[in-house]
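Beneath this line is the structure, given in structure tokens, with notes to follow.
Below, the structure written as structure tokens:
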């Protein structure tokens, strides 16, 4: 069920040796941790989006019931 996420850019394996001035060079482990962190955040966002949709559906159903009750009570005026 889990699909592999492909980067939207061309990926190249690059090895940097020595000092790169002005840049923080991340290690491969750091990049893997960042990728895992991003995937976890994406999963959490999807779960929250689904919860929000569930709450929105429940609110819409409640509003529809409230409107029917209000119309019923107005019929007694």
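Residue numbers (our numbering): 1142 to 1218.
The beta-carbon is built from N, C-alpha and C at its ideal position, and this holds for glycine as well.
Treat the numbers as computed from the prediction; the structure is a model and nothing was measured.
(request) Kindly indicate the opening and closing residues of the alpha helix (DSSP H) around residue 1180. (result) Where residue 1180 is concerned, the enclosing alpha helix (DSSP H) stretches over 1169-1215.
(message) In whole angstroms, give me the CA-to-CA distance for residue 1176 and residue 1145.
(response) Their Cα atoms are separated by approximately 12 Å.
(message) Please report the distance separating the alpha-carbon of residue 1161 from that of residue 1167.
(response) Computed Cα separation, rounded: 11 Å.
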